[in-house]
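Asker: This is the structure, below, for whatever I ask next.
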Amino acid sequence: MRIATTSRFAMRIATAAIASLLFWSQASATETWPRSFTNIDGSQTEIPAKPKRILSTSVTLTGTLLAIKAPVVASGSAANGQFFAQWEKVAKEKNVDNAWPAGKVDLEAVYATEPDLIIVTASGAGSTRDQLAAFRQVAPTILVDDGALSWQELATELGRATGLEEEAAASIADFDAYVAAARARIEIPAGKANIISFNGAGQSNPIGRPGGPHASLLSALGFDIEAPDPAWHTQAASRDDFVWADYERLVDLKAETTFLLRVDDSKAAAFRNDPVLANLPSVKNGQVFGLGIHSFRIDYYSGKEIVDGIVSRFGN
């Protein structure tokens, strides 16, 4: 089962990398501009020339743009007005302006930025989808859904839009090699592992599914991921990445190791010390670990942080 899961992950990443390389090879032969980009809503955006000044309207897009060396000049930030810490240093080195916090849009800042491409995500707190018409008065604007894509898939899409197919493929290959090197350095504990975004009693506690980005990364490192029962899902729409389960369902998990999103090992104590969860195999084994404070979303930078944490914990 572990081999099959890991193979699917490797095949998906390899397919994305190959598709990106093929596209770049075809494009570089002619350097054809303008390009037509198919938005997530099915509409088309014509991009007249290779972008030199990109406005990323959502903080969740920017890490992947930086990873493919896109010329980002401004970006939306998180609700607290800050960039994600895992790539904030890179953004400062690139002099990326902080355009606005999630939930707010400053159209004057859009004009002042003088972008030649604006990128909008269709979902999440940073979505500015309702401003598409206004943005398109300023510059070509594309609409993607980073919530539905792995960062590798998103990198490939953004590479096509920006003429950075080669850079996108290189970032994916670099990350893949980083994961493979880490896997050779760790000793995986026996049994299965699960992934939980722990919120406690009275709330939904999302549990990672084997096909989700967090589970795929851990599978690539050699972990065998426990699949939560889809019947536990409390949301109206099904999801491929998580089952949103009631707190009471956590006691039915069987994995010998638990990884918690959004926290480090010190903050994992809330889960380890929860009396309702005391009989979970992972709690009894003393194998409850935080995946890191930036692990809520995997991009090129936070993914490497997660890998480094796993090597630090399980390195042989």
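Reading the sequence shown from the start, the letters are residues -29 to -1, 1 to 287 in mature numbering (1 follows the signal peptide of the UniProt record, and there is no 0). Built from N, CA and C at the ideal position, the CB exists for glycine as well. Please read all numbers here as calculations on a predicted model, not as lab measurements.
So the candidates are Ala49, Phe267, Lys60, Trp4; which of them puts its Cα closest to the Cα of Ala186?
Answerer: Phe267
Asker: If we ignore side chains and look at the alpha-carbon of each, how far apart do Ser46 and Leu37 end up?
Answerer: Roughly 11 Å between the two C-alpha positions.
Asker: Under a Cβ-count criterion, where at least 16 other Cβ atoms within 10 Å of its own Cβ denotes burial, should Lys31 be classed as buried or exposed?
Answerer: Per the sequence shown, residue 31 should be read as Thr rather than Lys. Buried, by the Cβ-count rule.
Asker: In the DSSP output, what is Ile178 paired with across the bridge?
Answerer: Ile167, Val214
Asker: According to the neighbour-count rule (16 or more other Cβ atoms, all chains shown, within 10 Å of its Cβ), is Ala141 buried or exposed?
Answerer: buried
Asker: Give me whichever residues DSSP pairs with Asn69 in a beta bridge.
Answerer: Ser46
Asker: Measuring CA to CA, which of Asp223, Val254, Glu276 is closest to Asp235?
Answerer: Glu276
Asker: Rounded to the nearest angstrom, what separates Lys63 and Glu219 at their Cα positions?
Answerer: Each residue's Cα considered, the two are about 44 Å apart.
Asker: Mind checking who Gln15 pairs with in its DSSP beta bridge?
Answerer: Thr9
Asker: Could you check if Ser(-5) is buried or exposed, using at least 16 other CB atoms within 10 Å of its CB as the buried criterion?
Answerer: The predicted model places Ser(-5) with a pLDDT of 46, which falls under 50 and marks its position as unreliable; any figure quoted below should be read in that light. Ser(-5) is exposed by the Cβ-count criterion.
Asker: Pairing CB atoms from the segment 14 to 24 with CB atoms from the segment 39 to 56, are three or more of them under 8 Å?
Answerer: yes
Asker: By Cβ distance below 6 Å, which residues in the same chain neighbour Phe106 in space, the five residues on each side in sequence not counted?
Answerer: The answer, listed in chain order, is Ile89, Thr112.
Asker: In terms of DSSP beta bridges, what is Ser94 paired with?
Answerer: Answer is none; Ser94 lacks a bridge partner.
Asker: For residue 288, which residues in the same chain have their Cβ closer than 6 Å to its Cβ, ignoring the five residues on either side in sequence?
Answerer: Given a span of -29 to 287 for the chain in the structure shown, any question on residue 288 remains unanswerable.
Asker: Taking DSSP as the reference, what is the three-state secondary structure of Ile277?
Answerer: helix
Asker: I want to know whether the segment 221 to 230 touches the segment 247 to 256 - three or more CB-CB distances under 8 Å.
Answerer: yes
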